[in-house]
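K.L.:
Residue numbers (this note's numbering): 529 to 769.
#1: Hey, is the stretch 691 to 709 in contact with the stretch 621 to 637, meaning 3+ C-beta pairs nearer than 8 Å?
#2: Tell me whether residue 765 is buried or exposed, calling it buried when 16 or more other Cβ atoms sit within 10 Å of its Cβ.
#3: Where residue 733 and residue 744 are concerned, what is the direct C-alpha to C-alpha distance, given to the nearest angstrom?
#4: Give the C-beta separation of residue 622 and residue 757 to the nearest angstrom, bearing in mind that I take them to be a contact with Cβ-Cβ under 8 Å.
#5: When the distance is taken between beta carbons, is residue 671 closer than 7 Å to residue 613?
#6: Compute the beta-carbon to beta-carbon distance between residue 607 and residue 540, rounded to the nearest angstrom, for a pair I have assumed lies under 8 Å.
#7: One question on the structure: do residue 748 and residue 724 come within less than 7 Å of each other, judged by their Cβ atoms?
#8: Is the beta carbon of residue 619 less than 7 Å from the beta carbon of residue 550?
#9: Skipping 5 residues on each side, what residues in its chain have a beta carbon closer than 6 Å to that of residue 548?
#10: Which ranges would you report for the beta strand (DSSP E) in the stretch 573 to 621 if only whole runs of at least 3 residues count?
#11: With distances taken Cα to Cα, identify the nearest neighbour of residue 589 among 699, 712, 538, 663.
#12: Which residues bound the alpha helix (DSSP H) around residue 736?
#13: Quick check: what's the CA-CA separation for residue 640 versus residue 738?
#14: For residue 669, tell me which candidate among 531, 596, 545, 701 has the shortest Cα-Cα distance.
#15: Please indicate yes or no: does the CB of residue 554 lie closer than 6 Å to some heavy atom of the ligand FMN?
Spelled out as C-alpha cells, the structure:
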C-alpha cells in the first residue's frame, strides 16, 4: 500500500512541475518554448524565496491531492477524471490568488474532462454522480454558473462600474458543474460562498483588507470543489440525517 501511495504521490509531483510552468507562463502569456527555462530562472533570481516556496508548495499540494484521490477512489475512471479536474483547479487557485484572473484557457481545458465524465456516466452503473440520469451533469451547470451570473448582473446594475464578481468565476463553474452534477454543485457553491464570505469578513474586521478591496473568489471555488469531490456525499448524507 505504501509503495502504491508513493507512486501516486510521485506522479502528482510530476504533474505539479507542469502546473508550475502553466502558473508562471499563462497569466503573462509567455510562450512555452526553448527560452522557457531561461525565463523561469530569471523569475526565480528576481524573487528567489517567494518563487521557490510557491513551486514547492504547488508540487506538494498536487502530490497530496493525488494521494487523497487514490485513497478515496483507488485507480478508477473517477480517479482519473477528478485528478484531471483538480490539477487544472490547482493552477486556477494560484493564478487567481496571485494575479486575480482566471484564464479562459484553463476553463476550456477542463471541459473535455467534463464531457468524458458525462459520456462515462451514460454507460457506467451510477457513474460518477451517484445516478445515471443523463441530464444530471448538464443540470449541474445551472446552480453554480447560473447563480453566479445572476449575482454578477445584479451587482453590475447596483454598483454600475464596479465588478462585484468576475466572469472568470462564473465560467469556472461550467466545467465544475458538469463534473459534479447538480446536487454536488449546489454543495460546492454553498461551501465556496460560506468560505469566501467568512474570510472576507475576517480580513475586513482585522483591518487587513478594506471593504472595497477585491478578494479573489477562485481559490474558494477550488477549495470547495475539492472538499465536495472528496467528502461531498458524506456531507449530504450527514445533512439529510
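Note that CB positions come from ideal geometry on N, CA and C, so glycine has one too. Quantities reported herein were computed from a predicted structural model and do not represent experimental measurements.
P.N.:
The short version:
#1: yes
#2: exposed
#3: One C-alpha to the other measures close to 18 Å.
#4: Between residue 622 and residue 757 the beta-carbon gap is near 18 Å, outside 8 Å, which marks them as no contact.
#5: It is not a contact, given that the beta carbons lie outside the stated cut-off.
#6: Not confirmed; about 12 Å, so no contact.
#7: For residue 748 and residue 724, yes; Cβs fall inside 7 Å.
#8: yes
#9: 583, 586
#10: none
#11: 538
#12: No alpha helix (DSSP H) holds residue 736; DSSP gives it neither H nor E.
#13: 39 Å
#14: Of the candidates 531, 596, 545, 701, the one whose C-alpha sits nearest the C-alpha of residue 669 is 701.
#15: Although the ligand FMN was asked about, the structure shown includes no ligands whatsoever.
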